[in-house]
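Asks: Take this structure, written in C-alpha cells, and hold onto it; I'll ask about it next.
Residue numbers (the numbering used here): 1193 to 2143.
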C-alpha cells in the first residue's frame, strides 16, 4: 500500500503544487519566526557581553518598584534595586583582586554631527555618549587609531559611528549635548567586541559624562551599580567572578544597602528581560503563519477530495480484492506525508532566506545584526512537524471517505448529498451573539464612571477581568462563530451577492449562484481565508485611522498655538535654544513645559508633574474642564490635575495636597572644606617631597634630588589640572508645599499630568533637573506664518535636533506613524490575497472536476467558451466578496469596540476608512477573476464529447 501511495503521489504531483505552496508559506513563517527570535536573542546576548562586560557588579540589595534605568546598557534587568552611594567605589577598589571599580556614566540624547553638517542617525538605534578612558576602562573597546579623549572638546568614535559620520582622527565636528552643541575634535577610533545593532557610540571624558548624567539624575551621589574588573585584559571565569564578588560583599559597609553579584548573573538577567521585551516580534510573524496554515489545511482537504474522487474506482477495486479500510486510508495518508515533507522542506528554506533578507535589509538601513540567523535542528523539526500535522489534518477526512465508502458505491462514484448546515448556522450565530454581548459588556466596563452595574459580585468580576479579557474572548467567539455559521450563510449570501450578476448575465450569473449552494461547506471554508485576513486588517485600519482622526481633532479643536517645538535629544530643549526662540520677532507668546522630577503627593510619587507658563490654557490648549477654573488655578498657584490622576488619588477641587520634592544642591560649606582639605593635602605632599629633595641634595645624591624635584612638578601640575567637579559636595534639600487642587481637566493629552505655574516649579525643582520638554508658540495677529516659521527654524538651526512643526505638520506626525502601521497591514492583506487565490483556484478546480460532464453538456447545447469562463469567474468573485464582506463587517465592528474601550486614552474620534474598505472590495472581485482563469482553462481544455462521456 505504501508503494501504491508513492505511485499515486507521483501521478498527482501537479495537483499538489498549490498545496505545497500553501504549506511552504506557512512553514516558512513558522521557521522564520523562530530563526528571527533566536537571531535577536543571540544579538542581545552579544550586546550585553559587550556593553556590560564587567566581572562583578555592585548594586542595591533591596528590590524596589521603580522604572529607573542605570547608566549603562547592563541595567536593563527586569528587576530594579535601590540605588547605592557612588563613594563605595573607593572602598571596593581596595579589595584584593580588584583592578578597577568605577561608575560608568553615559549620556543619552546626544547627537553626533557628521562631516556633511547633518545629524547622524540610524533606524531606531540610539546615540549614546559613554565616559571611559584610562581611569575608567571599557574592556570590550579596542582602539584601532588614536587615543581616548582627555578634554571636554575631544571625542573618540566607535568605528561604525565614524563610518556613518565620515569622520577620522583629527577631524573637527560637533556633538549636541543636552544643553546644546559643542565643537569637538576626534582623537580616536575604536572597535567593540560585537555589533550594538546600529547604535552610535561616542567616547567622551568620564568627568564630562558624569556632569551630564548627574544633571539628569534625582540624586547625583547615587548610582544604580558599580562595575568591577578583576582583569583589565580578559574576563574572569564564573568561579573567579564568584570569589571576587564574595570578597567584595565582605568588605561592603554594613549600612551600605549594597550587594555584589557576578557579571554573568547580571548579564543573564539583562539578556532575559530584553529578550522578553522583544518577544512580540515572534507572535507578529506567527500571525502570518497561522493564516497560511489555516487556509492551507482547506486547500489540502480540497486537493485530496479531488484526488480521492478521481481515484475512487481504484480504491473500490482494492477493497474488492481484499484491501482493508485501514490499508486504503494508508494509501492516501502516504501521499499526504510526501506532500507535507516536500512542502515543509521548501518552507524551511524559505523561512531561512526570509530572515537572511530581513537581516540584510536592516544592515542597509543602518542596523547591522551579527547574531546567528541560521535555523537550529529544533527549528527545522518544528517546521517539519507543523507542515506534516497540517497536511495530515487536511487529508484525514478525504482519506477516511475513501476508506469507508462501500465498494459498490465507490465503483459507481455515487456522491453522498451534503449534510444539512442548519445546526451549524444556529451554533455559529449563537456564538456571534454571545461574542457581541461580551463586547457590549467590555464597552460598559470602559465607559462606566465607577461600578459598571448595581450588582456587587458582577462589579468584582469586572474589576478582576478588566477590559482586555472580555475584549479578546468576544473577538474569539465572533470569529469562530462566523466560521462555524458560514456554510448556513452561503445560500442567502449567494442570492444577495449574485443578484447583480444574475440580472446582467442572466445565464451564467444564475448558474454561478446556484453552483455555490451545492457545496456550502467548501464555499465557506474557501472564503474563510479572506475573512480572517480582511478582518484583522479592517480592525487595525479602523484603530489606526481613528488614532489619526483623534489627533487631528485635538489639534483642530484644542490646540491654539501656531507652532510646536520639540527635541530629539531626550526630549530636552537646551536653555540657549529656548532663549533663541524667545528672541524671534513676530511671536505673541512662548509657552514651555518643564518636567519636575521626583515630585510626591502626600508621600506618594506620581509621575507627570510639569511647570508651565500662565499662558498654557489661554494661548496653547483649551482645557476640557471637569471642575474648577484651570486658568485661574494655574495663575493663582494651585494644582491643575488631569482626570486620571485625580481619580487614582481621590482628589476633588478644594482638596489640599502636600507636595514634596527632594533636590540635590551644592553644599557650599562642604565644598569649601573639601577644596581646603585638598589644597592642604597637596601642600603637605609638596612640603614632604621638598624636604626629601633637600636631604638627598645634602647627601650628594643629585640624581635623587632631581627625581624628587620632578615629582614635585608632577604633583603641582596634577593639582592645577584637577577636575573641580570632583571637589563639589552636594546635599539633599527637601521642599514641601501645601497646595490646593484648583481644577480637574480631561484633555486626553493632560489626563495623566499635574500642572503648577513657573514660580512654584522653580521652588519645587532646580534648573539642573527641570528640563524644557515642549514649547508652543503663538504668532502675533496678522503675522505671516510662513515667514515666521522660517525665522524660527533659522533660530534653532545651530542646535540640529530641534524640530519646528506648524499645525499641519503636528498632525502629520501621527499620520506618518499610522502609515507605517498600515504598511504592515497591507503586507498581511497581500498574504491573505495570495493564499485566497490558491484556495479559490483549488475549490474551483475541484468543482470543475466534479462537474466535468455537466460543463460538457452545457457546451454541447451551445454555451460558449466565454460563458463558461464567465460562470466560473462569477463563482470565484462571489466567494471572494463573501469572505471580504464578512471580514470587513467583523473587523470594523472590532475596531469600533477597541476605539470605544480606549476612548479615555485618546481615541476620541471613530474614523472608518471607507476608501480603504472600498479598495478591499474591488480587490476581492479581481482576486476571484484571477483565481478563475486556471480552472476555466482546465474545464475548456477537455473535448466536449470526452467531457460528456466522463461518467
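Glycine residues also receive a C-beta, built at the ideal position from the N, C-alpha and C atoms.
DSSP three-state call for residue 1532: helix, strand or coil?
Replies: Your numbering for residue 1532 matches position 340 in the chain shown. In this structure, residue 1532 counts as helix in the three-state DSSP scheme.
Asks: Just to confirm my understanding: we take residue 1882, look at its own chain, exclude 5 residues before and 5 after, and list those with CB closer than 7 Å. What are they?
Replies: Here residue 1882 refers to the residue found at position 690 when the chain shown is read from its first residue. Cβ within range, chain order: 1904.
Asks: With H, G and I counted as helix, E and B as strand and the rest as coil, what does DSSP make of residue 1310?
Replies: For the purposes of this step, residue 1310 is taken as residue 118 along the chain shown, with counting starting at 1. Coil at residue 1310, not helix or strand.
Asks: In whole angstroms, give me the CA-to-CA distance for residue 1606 and residue 1508.
Replies: Numbered from 1 along the chain shown, position 414 holds the residue referred to as residue 1606. Numbered from 1 along the chain shown, position 316 holds the residue referred to as residue 1508. Because residue 1606 carries a pLDDT of 48, less than 50, the predicted location of this residue cannot be relied on, and the following value inherits that uncertainty. Spanning the two alpha carbons is a distance of roughly 12 Å.
Asks: Tell me the rounded alpha-carbon separation between residue 2050 and residue 2126.
Replies: For this step, residue 2050 is matched to residue 858 along the chain shown. For this step, residue 2126 is matched to residue 934 along the chain shown. Distance from the CA atom of residue 2050 to the CA atom of residue 2126, rounded to whole angstroms, is 19 Å.
Asks: Under the assumption that residue 1413 contacts residue 1922 (Cβ atoms under 8 Å), give the Cβ distance between them as a whole number of angstroms.
Replies: Numbered from its first residue, the chain shown carries residue 1413 at position 221. Numbered from its first residue, the chain shown carries residue 1922 at position 730. About 6 Å; that satisfies the 8 Å criterion.
Asks: Nearest by alpha-carbon distance to residue 2036: which of 2056, 2003, 2071 and 1324 is it?
Replies: Translated into the one-based positions of the chain shown, residue 2036 becomes position 844. Here the closest residue by C-alpha is 2071.
Asks: Measure the alpha-carbon distance for residue 1974 versus residue 1941 and round it to whole angstroms.
Replies: Position 782 of the chain shown, counted from the start, is the residue given in the question as residue 1974. Position 749 of the chain shown, counted from the start, is the residue given in the question as residue 1941. The straight-line gap from Cα to Cα measures roughly 29 Å.
Asks: Taking contact to mean at least 3 C-beta pairs separated by less than 8 Å, is the stretch 1212-1227 in contact with the stretch 1543-1553?
Replies: yes
Asks: Thinking C-beta only, is residue 1754 closer than 8 Å to residue 1971?
Replies: Residue 1971 sits at position 779 when you count from the first residue of the chain shown. Residue 1754 sits at position 562 when you count from the first residue of the chain shown. Contact: yes.
Asks: Sorted by chain position, which residues of the same chain lie with C-beta nearer than 7 Å to residue 2130's C-beta, five sequence neighbours on each side aside?
Replies: Mapped onto the chain shown, residue 2130 falls at position 938. Only 2037 and 2040 meet the Cβ criterion.
Asks: Taking DSSP as the reference, what is the three-state secondary structure of residue 1685?
Replies: On the chain shown, residue 1685 is found 493 positions in, with the first residue counted as 1. The answer is helix: DSSP assigns residue 1685 an H, G or I state.
Asks: Just reading off the beta strand (DSSP E) that residue 1298 is part of, what are its end residues?
Replies: The residue given as residue 1298 occupies position 106 in the chain shown. Unbroken beta strand (DSSP E) run through residue 1298: 1298-1300.
Asks: Along the chain, where does the alpha helix (DSSP H) that runs through residue 1735 open and close?
Replies: To locate residue 1735, count along the chain shown from 1; it is residue 543. Counting along the chain, the alpha helix (DSSP H) containing residue 1735 begins and ends at 1712-1749.
Asks: So, under 8 Å CB-CB, residue 1422 and residue 1436 are touching, yes? Tell me the CB distance rounded to an integer number of Å.
Replies: The count along the chain shown starts at 1 and reaches residue 1422 at position 230. The count along the chain shown starts at 1 and reaches residue 1436 at position 244. Right, the Cβ-Cβ distance comes to about 5 Å (below 8 Å), so this counts as a contact.
Asks: So within the stretch 1385-1424, which uninterrupted alpha helix (DSSP H) runs reach at least 4 residues, ignoring any that extend past its ends?
Replies: 1398-1407
Asks: When DSSP labels each residue in this structure, what does residue 2002 get in the three-state scheme?
Replies: For this step, residue 2002 is matched to residue 810 along the chain shown. Helix, per DSSP.
Asks: Quick check for students: name the residue ranges of the beta strand (DSSP E) that lie wholly in the stretch 1791-1819, counting only runs of 3 or more.
Replies: 1801-1804
Asks: Since I believe residue 1305 is in contact with residue 1368 (beta carbons under 8 Å), could you give me their beta-carbon distance rounded to a whole number of angstroms?
Replies: Residue numbering aside, residue 1368 sits at position 176 when the chain shown is read from its first letter. Residue numbering aside, residue 1305 sits at position 113 when the chain shown is read from its first letter. Between residue 1305 and residue 1368 the Cβ distance is about 7 Å, and since that is below 8 Å, they are a contact.
Asks: Quick check on residue 1925: buried or exposed, where buried means 16 or more other Cβ atoms within 10 Å of its Cβ?
Replies: Taking the first residue of the chain shown as 1, we reach residue 1925 at position 733. By the 10 Å Cβ count, residue 1925 comes out exposed.
Asks: Is the CB-CB distance between residue 2123 and residue 2060 below 8 Å?
Replies: Numbered from its first residue, the chain shown carries residue 2123 at position 931. Numbered from its first residue, the chain shown carries residue 2060 at position 868. Their beta carbons are not under 8 Å apart, which means residue 2123 does not touch residue 2060 by this criterion.
Asks: Scan the stretch 1346-1376 and note each continuous beta strand (DSSP E) run of 3 residues or more that stays entirely inside, going in chain order.
Replies: 1346-1350 and 1364-1369
Asks: Considering only residues of the stretch 1899-1957, which uninterrupted alpha helix (DSSP H) runs meet the minimum length of 4 residues and lie entirely inside it, listed in chain order?
Replies: 1950-1956
Asks: To the nearest angstrom, how far is it from the Cα of residue 2073 to the Cα of residue 2117?
Replies: By one-based count along the chain shown, residue 2073 stands at place 881. By one-based count along the chain shown, residue 2117 stands at place 925. Near 6 Å, if we compare the C-alpha coordinates of residue 2117 and residue 2073.
Asks: Is the CB-CB distance between residue 1323 and residue 1380 below 8 Å?
Replies: Within the chain shown, residue 1323 is the residue found at index 131, counting from 1. Within the chain shown, residue 1380 is the residue found at index 188, counting from 1. Going by C-beta atoms, residue 1323 is not nearer than 8 Å to residue 1380.
Asks: Would you call the stretch 1678-1688 and the stretch 1641-1657 in contact, with 3 or more CB pairs under 8 Å?
Replies: no
Asks: Would you decide whether residue 1330 is buried or exposed? Buried here means 16 or more other CB atoms lie within 10 Å of its CB.
Replies: As a first step, residue 1330 is located in the chain shown; it is residue number 138 there, counting from the start. Label assigned to residue 1330: buried.
Asks: Take every Cβ of the stretch 1780-1797, pair it with every Cβ of the stretch 1979-1989, and state whether three or more of those distances are shorter than 8 Å.
Replies: No: the two stretches stay apart, fewer than three of their Cβ pairs being nearer than 8 Å.
Asks: Applying the 10 Å Cβ sphere with the 16-neighbour rule, what's the burial state of residue 2106?
Replies: Against the chain shown, residue 2106 aligns to sequence position 914. Counting of Cβ neighbours within 10 angstroms places residue 2106 among the exposed residues, the total staying below 16.
Asks: Using only the alpha-carbon positions, how far apart do residue 1841 and residue 1947 sit?
Replies: As a working note, residue 1841 is residue 649 in the chain shown. As a working note, residue 1947 is residue 755 in the chain shown. Answer to the nearest angstrom: the Cα atoms are 15 Å apart.
Asks: For residue 1447, which three-state DSSP category applies?
Replies: The count along the chain shown starts at 1 and reaches residue 1447 at position 255. Here residue 1447 sits in coil by DSSP.
Asks: Classify residue 1976 as helix, strand or coil using the three-state DSSP reduction.
Replies: Residue mapping note: residue 1976 aligns to position 784 of the chain shown, counting from 1. Of the three classes helix, strand and coil, the one that applies to residue 1976 here is coil, per DSSP.
Asks: Taking residue 1621 as the reference, which of 1859, 1590 and 1671 has the closest Cα?
Replies: Along the chain shown, one-based indexing puts residue 1621 at 429. Residue 1671 holds the alpha-carbon nearest to the alpha-carbon of residue 1621 among 1859, 1590 and 1671.
Asks: Relative to the C-alpha of residue 1966, which residue among 1889, 1812 and 1847 is closest?
Replies: To locate residue 1966, count along the chain shown from 1; it is residue 774. Residue 1812 is the option with its Cα nearest to residue 1966.
Asks: Starting from residue 1249, trace the beta strand (DSSP E) in both directions and tell me its first and last residue.
Replies: Stepping through the chain shown from its first residue, residue 1249 is reached at position 57. It spans 1248-1252 - the beta strand (DSSP E) in which residue 1249 sits, taken as one unbroken run.
Asks: What residue does the beta strand (DSSP E) around residue 1966 start on, and which one ends it?
Replies: Sequence index remark: in the chain shown, residue 1966 carries index 774 (1-based). From DSSP, the beta strand (DSSP E) with residue 1966 extends over 1963-1971.
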